[in-house]
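Please read the structure below before turning to the comments.
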Amino acid sequence: MWKVKRVFIGTLIWNGENMNLEFVNPARLKAFVNFYEKRYLSDSLKRNSMSGLLKNLLNGKSVMNSSAYFEPVMVVDQGRIMMIALLAHVDRMSDFLQIAFFEADYKETRAFKLILERAYELAKERGASKLTGSLNVHVNYGLGFLASDYHKPQGFGTMHNPDFYLELFSENGFEAVEMVSFRKDLDELKEVFKPKLIERLNHRYSIRSLDYKHLERDAQIYTSLNNEAFIDHPFYYPREAAEDLELFRDFKPLLRPENLLFAYKGDEPVGFMLWYPDFHEIMKSGETLGIRTVIKNKLMAHRIQTVKIVEMGVLPKEMKRGAVVALINMVFELTKGQYSQFESGWILQSNTNSKMLGVKLTDAVYKRYKAYTKDVT
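By the count of numbering that gives the first Met the number 0, the sequence shown reaches residue 376 at its end, each step adding exactly one.
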């Protein structure tokens with residue numbers, strides 16, 4: 000018995016032209032995961048840091064399994080896997096059927112159409128009106144195909160893929176949602192904000208780090224702030240504290256308390272910032288994120304040159320009152336002299352406030368990403 004909650008079980012064949020769409024059963028699960036991992040283990044620019052999450056979802060070991068339906072599919076041509084996807088439907092994002100964890104060997108339109116046909120059918124079965132591409136179950140797990148700078152190494156927490164991934168989605172009627180990231184030499188950021196501004200903000204806000212002794216409490220605060228701060232984000236749906244708690248426990252060996260900062264106004268938490276070193280810089284080509292990475296981070300953390308500001312959320316009422324600046328300034332204070340580069344996570348092209356802050360802190364856009372949606376009503 001395959002002990003997976005709400006995952007399609009069985010082997011069926013969806014006939015295509017000289018190729019088949021296979022619904023992954025327990026016996027084929029390892030082959031599915033191996034295909035995914037090979038895209039990252041065999042490419043010197045990539046690092047395999049997300050397969051652990053994928054395995055937990057497929058094996059029913061994630062908190063997400065209680066509120067989502069997962070259907071792993073793969074296109075097989077004469078016994079050879081050529082394309083995979085995890086079709087996902089999350090209860091709290093019921094309008095969308097996700098084509099998640101998409102990976103392919105090469106551009107093959109017929110193979111993609113087989114996955115797309117099943118996605119259309121499953122969307123209809125589950126009452127979804129739209130499809131997404133590049134969203135990996137939740138934005139906290141992954142969003143946005145790389146859309147530029149394919150020759151640069153993959154950063155921790157972002158995707159790296161061939162350009163034909165974008166072609167497959169755009170050529171099949173998906174609309175792109177554009178995102179950007181920024182990068183800057185930290186030596187050029189010696190005085191980011193005026194001292195008088197920081198002095199005023201220090202009177203208005205207090206900043207504290209994650210407290211691992213009260214992890215459940217802080218996970219709840221983090222979740223609540225996320226849900227309020229990103230309520231209008233096109234790909235965000237409300238999280239449960241148990242889901243974020245699971246994520247923090249998984250990454251606890253790598254994350255220090257100061258990697259998650261909370262901004263308070265009096266006794267009220269009004270914002271947060273998640274940042275961390277780019278752990279990919281201590282991972283070798285062909286290495287999977289795991290205990291070896293944890294050991295390297297303890298022994299060779301000084302080799303990491305890039306610090307990443309991955310996620311920042313502030314309550315709407317505090318957006319233009321300095322909470323963002325207070326959080327960013329604290330990160331720069333904590334990282335001063337330890338890293339040479341600062342890199343942001345992806346920012347929606349339509350998010351003018353965050354994009355303008357990125358422009359102010361840096362010189363120009365570093366990388367571009369695209370997420371996709373398609374109306375199937």
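Quick reminder that beta carbons are idealized off the backbone N, C-alpha and C, glycines included. Just so it is clear, the structure is predicted and the values come from calculations on it, not from any experiment.
Excluding the 5 residues preceding and the 5 following residue i in the sequence, name in chain order all residues of the same chain whose CB lies nearer than 7 Å to its CB.
i: ASN296; result: LEU253, PHE278 and ILE281
i: LEU145; result: MET158, HIS159, ASN160, LYS366 and TYR368
i: LEU326; result: ILE206, LEU260, ALA262, GLY270, MET272 and MET311
i: ALA228; result: GLY312, VAL313 and LEU314
i: TYR119; result: VAL375
i: ASP148; result: LYS366
i: GLY51; result: LEU288
i: LEU11; result: With a pLDDT of only 47 at LEU11, under the threshold of 50, the placement of this residue in the model should not be trusted; the figure read from the coordinates follows. Here the set comprises PHE22.
i: TYR39; result: LYS45, ARG46 and ASN47
By Cβ distance, which residues of its chain are closer than 6 Å to residue i, with the 5 residues on each side in sequence left out?
i: ARG207; result: PHE261
i: LEU273; result: LEU259, VAL309 and GLU310
i: THR372; result: LYS129, THR131 and GLU174
i: ASP104; result: MET81
i: VAL75; result: ASN19 and GLU21
i: VAL364; result: VAL179
Check whether the Cβ of residue i sits closer than 7 Å to any heavy atom of the ligand COA, and report yes or no.
i: PRO268; result: Looking at this structure, you won't find the ligand COA or any other ligand, since it has none at all.
Could you tell me whether the Cβ atoms of residue i and residue j are closer together than 8 Å?
i: LEU96; j: ALA67; result: no
i: PHE410; j: LEU142; result: Because the chain is modelled from 0 through 376, residue 410 falls outside the range shown and cannot be assessed.
i: LEU347; j: MET178; result: yes
i: VAL89; j: VAL138; result: no
i: GLU102; j: ILE83; result: yes
i: LEU115; j: ALA99; result: no
i: ALA370; j: VAL176; result: yes
i: ASN328; j: PHE163; result: no
i: ASP184; j: SER65; result: no
Excluding sequence positions up to five away, which residues of its chain have a Cβ less than 8 Å from the Cβ of residue i?
i: GLU166; result: LYS106
i: VAL330; result: LEU260, MET272, TRP274, VAL306 and ILE308
i: GLY344; result: GLY156, THR157, SER180, LYS307, ILE308, VAL309 and GLU310
i: LYS316; result: VAL269
Go to residue i, then tell me how far its alpha helix (DSSP H) extends in each direction, as first and last residue.
i: LYS129; result: Here LYS129 belongs to no alpha helix (DSSP H); instead the beta strand (DSSP E) covers 129-132.
i: VAL330; result: 322-334
i: LYS264; result: Element bounds for LYS264: not the alpha helix (DSSP H) but the beta strand (DSSP E), 259-264.
i: ASP249; result: 240-250
i: ARG38; result: 28-40
i: SER66; result: Note, SER66: premise wrong, no alpha helix (DSSP H); not H, not E.
i: ALA216; result: Looking at the sequence itself, residue 216 is Arg, so the reference to Ala does not match. That run of the alpha helix (DSSP H) goes 214-228.
i: PHE163; result: 163-169
In angstroms with no decimal places, state the Cα-to-Cα distance between residue i and residue j.
i: SER349; j: ASP231; result: 12 Å
i: GLY59; j: LEU20; result: 23 Å
i: ASN47; j: GLN304; result: 19 Å
i: LEU298; j: THR292; result: 10 Å
i: GLY285; j: GLU36; result: 9 Å
i: LEU28; j: LEU244; result: 27 Å
i: TYR221; j: SER93; result: 23 Å
i: GLN77; j: PHE31; result: 16 Å
i: ARG255; j: LYS151; result: 27 Å
i: ASN17; j: ARG79; result: 12 Å
i: LEU188; j: LEU224; result: 28 Å
i: ARG5; j: SER61; result: Only weak support exists for where ARG5 lies, its pLDDT of 45 falling under 50; the coordinates are left without a value.
i: SER133; j: ARG91; result: 18 Å
i: ALA110; j: GLU215; result: 44 Å
i: THR108; j: ARG117; result: 14 Å
i: LEU113; j: SER169; result: 16 Å
i: SER41; j: ASN33; result: 11 Å
i: ASP266; j: ASN201; result: 14 Å
i: THR334; j: MET63; result: 33 Å
i: LYS264; j: ARG320; result: 11 Å
i: ALA122; j: GLY172; result: 16 Å
i: LYS318; j: LEU53; result: It should be noted that the sequence gives Met, not Lys, for residue 318. One C-alpha to the other measures close to 34 Å.
i: VAL3; j: ASN55; result: Residue placement at VAL3 is poorly supported in this model, since its pLDDT is 41, which falls under 50; the coordinates are not used for a value here.
Could you give the DSSP three-state label for residue i: helix, strand or coil?
i: ASP277; result: coil
i: VAL138; result: coil
i: ARG125; result: helix
i: ARG46; result: coil
i: TYR211; result: helix
i: GLU107; result: coil
i: GLU21; result: strand
i: LEU188; result: coil
i: LYS151; result: coil
i: PRO268; result: strand
Looking at chain B, is there any beta carbon in it that lies within less than 8 Å of the beta carbon of residue i?
i: ASP231; result: Absent from the structure is chain B; it holds one protein chain and no more.
I need the boundaries of the beta strand (DSSP E) containing residue i, first residue and last residue.
i: PRO194; result: Careful: PRO194 lies outside any beta strand (DSSP E), inside the alpha helix (DSSP H) at 194-203.
i: PHE100; result: 95-103
i: ARG291; result: Taken as a continuous stretch (DSSP letters only), ARG291 belongs to no beta strand (DSSP E), being part of the alpha helix (DSSP H) at 290-298.
i: LEU86; result: 79-89
i: GLN340; result: 340-343
i: PHE181; result: 174-184
i: GLY312; result: 305-313
i: ALA363; result: From DSSP, ALA363 is part of no beta strand (DSSP E); its letter is neither H nor E.
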